[in-house]
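Quick mapping for you: the protein sequence lines, in order, are chains A and B.
For the working numbering, count along the first sequence from 1 and bump the result up by 216.
For the working numbering, count along the second sequence from 1 and bump the result up by 257.
Heads up, the beta-carbon is just placed ideally off N, CA and C, and yes, glycines get one too.
Owing to the predicted nature of the structure, the values given are computational and were not obtained by experimental measurement.
Below is one structure, written out as structure tokens; the observations come after it.
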Amino acid sequence: MATTKPTTVEAPVRGGVRGWLGRLSGMDRDRLEQAVVGYAFVLPDLIGLLVFIVGPMFMALIISLSDWKLVGEPQFVGLRNYETIFKDPKFGAALGRTILYTISFVPAVYTLSLGMAVLLTRRSRSNNFFRTVYFMPVAMSLVVAGVIWRFMFDPGNGLINELLAAVGLPTSQWIGSVQSAMLSVIIVSVWKSAGYFMIILLAGIQDIPGDYIEAAQIDGANRRQVFWHIILPLLKPTSFFVLVILTINALQAFDQIYVMTRGGPAYATYTLLMYTYEKAFREWNFGYAAAMSVALFAMIFVLTLIQVRYFRSGEVKA
Amino acid sequence: MPVDVYQTPMEESKMKQYWRLITVALLVALLAAALPSAVAQDVLKFWTFEYAEDVDPFFEEYIAEWNATHELQVERQEFPWAQYTGEILTTGIATGEAPDVFFISPGDWRRYAESGLALPLEDYMPQYLLDDLLPASVEAVTLNGHIYSVPFEMEPVALWYNKAMLAEAGLEVPKTWDELVAAAKQLTTPERYGILIPTNPDYYENFVFYPFLWMAGGEVVNEDFTAAAVNTPEAARALDLWGTLIREGYAAPTSTGSDPVDERFPTGQAAMFVSGYWVYGWINSNYPEFVADLGVAPIPAPDEGDELKTVYGGWTVMVYAGTQHPAEAAEFAINMFGAEDNSRAAAWGIQYNTKLSPRQSVVADNAEFYENFPHNVFANEIFPTARPEPSYPPEIAQSVWEALQDVMFNNVSPEDAVAAWAEKIDAYLATR
Chain A
217 MATTKPTTVE
227 APVRGGVRGW
237 LGRLSGMDRD
247 RLEQAVVGYA
257 FVLPDLIGLL
267 VFIVGPMFMA
277 LIISLSDWKL
287 VGEPQFVGLR
297 NYETIFKDPK
307 FGAALGRTIL
317 YTISFVPAVY
327 TLSLGMAVLL
337 TRRSRSNNFF
347 RTVYFMPVAM
357 SLVVAGVIWR
367 FMFDPGNGLI
377 NELLAAVGLP
387 TSQWIGSVQS
397 AMLSVIIVSV
407 WKSAGYFMII
417 LLAGIQDIPG
427 DYIEAAQIDG
437 ANRRQVFWHI
447 ILPLLKPTSF
457 FVLVILTINA
467 LQAFDQIYVM
477 TRGGPAYATY
487 TLLMYTYEKA
497 FREWNFGYAA
507 AMSVALFAMI
517 FVLTLIQVRY
527 FRSGEVKA
Chain B
258 MPVDVYQTPM
268 EESKMKQYWR
278 LITVALLVAL
288 LAAALPSAVA
298 QDVLKFWTFE
308 YAEDVDPFFE
318 EYIAEWNATH
328 ELQVERQEFP
338 WAQYTGEILT
348 TGIATGEAPD
358 VFFISPGDWR
368 RYAESGLALP
378 LEDYMPQYLL
388 DDLLPASVEA
398 VTLNGHIYSV
408 PFEMEPVALW
418 YNKAMLAEAG
428 LEVPKTWDEL
438 VAAAKQLTTP
448 ERYGILIPTN
458 PDYYENFVFY
468 PFLWMAGGEV
478 VNEDFTAAAV
488 NTPEAARALD
498 LWGTLIREGY
508 AAPTSTGSDP
518 VDERFPTGQA
528 AMFVSGYWVY
538 GWINSNYPEF
548 VADLGVAPIP
558 APDEGDELKT
568 VYGGWTVMVY
578 AGTQHPAEAA
588 EFAINMFGAE
598 DNSRAAAWGI
608 QYNTKLSPRQ
618 SVVADNAEFY
628 ENFPHNVFAN
638 EIFPTARPEP
648 SYPPEIAQSV
658 WEALQDVMFN
668 NVSPEDAVAA
678 WAEKIDAYLA
688 TR
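The structure is reproduced here in structure tokens:
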């Protein structure tokens, strides 16, 4: 392609889409180019996010304002589904169980994974081994894990009762009684998630500059003091992230319970999401189920805001 | 396109790179948008849950035969059990991606039939098939005079027992509930349970409980489906039996994975097991060494001389009312098990599974097979006392397992439980 005059060449560039975009955004060409490339990179993800996350969320909001029984058109009912939530004793009971689960699960996983992370901070061959071992439950399929734990929790010949009996400790009915079923489910959930959060906390600990710890040690701090006064405060951003994700996971507890107990015995492990799932897919009461999901979302949102505020308030300026 | 002479070669290649990138991104987006419409070509969609691998040839052969002789091709999709009995059909219907033909459980049947989601099949069913099918099986899939699915299997529930363990304890097979409790008690040791009954709050628990309720003289709802029938001493007695077995520790309070096929029975961790006909096929392929110790009898009746009753389950094949090809879908669904030559219907129950066929000709044509244990017990003793699994709306089904769970695990008295149970059913029926 032969060209004669440069001016005719510049015109399509300046006057084309890029020129127009550039003028519109007030960016120079390089910046614009960077922005376009950047957006092009995230575009596939963005489309996925819009189609599979944001879209359904808005749909859920709309469905929650309607009475929809799968067959026929949804009927707009305003806030009636939300009014029902407040009058529904099953919702209250399921929420109570979900809260019980959350306040046991979140501190347990956090403490355990932090403990493991601290123990495994030093780089050594044996630590690599333990890291792998602690991480293994994360890699295991939840359904497989659930089934294995059901065997281990068997009150008759289960491994756990056998072990307890062997060392002379009292045995339990585990998932076979309303008193211990929730505890059993929480144990499995903690076992399943601790390894994952250990890795995140471990990375956080290893990001703390060694100078701080050395300085503290020179000033005579012992290991406990280093942990409480150096590591823990500097780990705050990571801890924040971990606690937020844990809380969200806990409020959405479903899979492990569905596999292990189906919410039983006698509703002892029937969480909010179990109830929502059954309202939707068993009773086809999609409007009410959507309203419960929106309510759960609101709860998670508010809790996260509180956590953000709490962690900001005492932010350590490193 | 003219070349930008002011661009350095570096810039040019960078420009090219990012245009290429945008093109790729756009292509990906376009492809993602176009994919669903490309997939939705004109086929007959057939959905089932995931069967064991050795059952697949049954479907493969039938579909190959159909596809070779019909222009409209059939595509089968199978889904994991939990999803299939959970959300998969529902989401399929909600999103307009419903299958044309699908297997439906008795638990879901009524809802689909009542909601107009099932195509009435009576006009497509040939007379020889209607004559061949057991009247009770046809009745179980009929609502308001329309046949909404084709029955193809029956799995009655019975009392399986470990012959060696009973002999060792010097016990006869229990014939009454008192004997059942006494046997379960005597057979319970620290290492094993006397008996296994379903413990997961679910449709399956109800299914196995119905024979106990019926034999005690109880019913869930009245005949016109207008009021609860459970607030009776008979229903309370049935609940009490299950509650006693659990509370006293004679029955396992948990299941180790699947209530219908519990490994603890063939591995000697339980002496008796209330479960269905399918148990034989499962033990035969997974625990062949246990078959010699396997015994089966009807579920005991409450008192001596009471009429024996049991339930049979079994999936049926349904056609979606919204199908674009009602005639082909109905033909495909009916011919799968209802072809004039009954060999496919027989193979389903004899070769691929352990199930009885609702077609009377199958038992007649395979008399030799039904002379052997345990098929003879099921065909001759247990099946004649069986009623099809009732299909209740989810609200009523839920009330059944709630009553059971309360008595088994919450120390609620059977009398209080039946009262609460009746209240829930009546409250629901009032909204219909």
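So is residue i in contact with chain A if we call contact Cβ pairs under 9 Å?
| i | result |
| --- | --- |
| B:T265 | Note on B:T265: pLDDT 49, under 50, position unreliable in the model; the coordinate value appears next. No, because no Cβ of chain A sits closer than 9 Å to the Cβ of B:T265. |
| B:S670 | no |
| B:D663 | yes |
| B:P651 | yes |
| B:G373 | yes |
| B:A339 | yes |
| B:R367 | no |
| B:N667 | yes |
| B:R689 | no |
| B:E646 | no |
| B:E659 | yes |
Using a threshold of 9 Å, state whether the C-beta atoms of residue i and residue j are closer than that.
| i | j | result |
| --- | --- | --- |
| B:T567 | B:I639 | yes |
| A:T477 | A:Q523 | no |
| B:V634 | B:A554 | yes |
| A:S388 | A:S396 | yes |
| B:L386 | B:S406 | no |
| B:S648 | B:P392 | no |
| B:L444 | B:A426 | yes |
| B:P510 | A:G374 | no |
| A:T327 | A:A466 | no |
| B:A375 | B:M575 | yes |
| B:F303 | B:Q340 | no |
| A:G503 | A:I279 | yes |
| B:L498 | B:F469 | yes |
| B:G571 | B:P458 | no |
| A:M332 | A:G411 | yes |
Which term fits residue i, buried or exposed, when burial requires 16 or more other beta carbons within 10 angstroms of its beta carbon?
| i | result |
| --- | --- |
| A:I568 | It is not possible to answer for residue 568 of chain A, since the shown part of chain A is limited to 217 through 534. |
| B:T352 | exposed |
| A:E494 | buried |
| A:R366 | buried |
| A:W444 | exposed |
| A:Y526 | exposed |
| B:Q581 | exposed |
| B:A295 | In this prediction, B:A295 has a pLDDT of 49, which is less than 50 and means its spatial position is unreliable; nothing more can be read from the coordinates. |
| B:T342 | buried |
| B:M267 | Because the pLDDT at B:M267 is just 49, under 50, the model does not fix this residue reliably, and the point stays unresolved. |
| B:H632 | buried |
| B:P314 | exposed |
| B:Y507 | buried |
Examine chain B for any beta-carbon lying closer than 9 Å to the beta-carbon of residue i, and answer yes or no.
| i | result |
| --- | --- |
| A:T477 | yes |
| A:Q389 | yes |
| A:P425 | no |
| A:D244 | no |
| A:V404 | no |
| A:G503 | no |
| A:R247 | no |
| A:Y163 | Only positions 217 to 534 of chain A appear in the structure, and residue 163 of chain A is not among them; the question remains open. |
Considering only heavy atoms of the ligand GTP, does any lie closer than 8 Å to the CB of residue i?
| i | result |
| --- | --- |
| A:A505 | In the structure on display, the ligand GTP does not appear, and there are no ligands present to speak of. |
From the DSSP output, read off the bridge partner residues of residue i.
| i | result |
| --- | --- |
| B:T348 | DSSP lists no partner for B:T348. |
| B:I361 | B:T573 |
| B:I404 | B:T399 |
| B:R644 | B:V568 |
Does any residue of chain D have a CB that is nearer than 9 Å to the CB of residue i?
| i | result |
| --- | --- |
| A:A496 | The structure shown contains no chain D; its protein chains are A and B. |
Which residues, taken in chain order from the stretch 290–312 of chain A, show a beta carbon closer than 8 Å to some beta carbon of chain B? Close to chain B, meaning a Cβ-Cβ distance shorter than 8 Å, is no residue of the stretch 290–312 of chain A at all.
Please identify, using Cβ separations under 8 Å, the residues of the stretch 444–478 of chain B that lie next to chain A, in order along the chain. For the stretch 444–478 of chain B, the set of residues with a beta-carbon nearer than 8 Å to any beta-carbon of chain A comprises P447, E448, R449, Y450, T456, N457, P458, D459, in chain order.
Can you give me, in chain order, the residues of the stretch 341–358 of chain B that have a beta carbon less than 7 Å from any beta carbon in chain A? Answer in chain order: G343, E344, T347, I350, A351.
Members of the stretch 502–513 of chain B that neighbour chain A once the beta carbon cut-off is set at 9 Å: Across the stretch 502–513 of chain B, CB contacts with chain A closer than 9 Å involve I503, G506, A509, P510, T511, S512, T513, in sequence order along the chain.
Could you name the residues of the stretch 526–538 of chain B whose beta carbon sits closer than 8 Å to any beta carbon of chain A, in the order they occur along the chain? The residues in question are Q526.
Contact list for the stretch 317–335 of chain A against chain B, Cβ threshold 8 Å: Within the stretch 317–335 of chain A, not one residue has a Cβ closer than 8 Å to any Cβ of chain B.
Near-chain B residues of the stretch 265–288 of chain A - C-beta to any C-beta below 7 Å: Among the residues of the stretch 265–288 of chain A, those with a Cβ less than 7 Å away from any Cβ of chain B are L286, V287, in the order of the chain.
Proximal residues, the stretch 442–472 of chain A versus chain B, C-beta separation under 7 Å: Listed by position along the chain: nothing, the set is empty.
Residues within the stretch 376–401 of chain A neighbouring chain B, beta-carbon criterion of under 8 Å: Contact annotation: in the stretch 376–401 of chain A, residues whose CB is within less than 8 Å of a CB in chain B are Q389, W390, I391, G392, S393, V394.
Within 9 Å of chain B by C-beta, residues of the stretch 344–377 of chain A in sequence order: Contact annotation: in the stretch 344–377 of chain A, residues whose CB is within less than 9 Å of a CB in chain B are V359, G362, V363, R366, F367, F369, D370, P371, G372, N373, G374.
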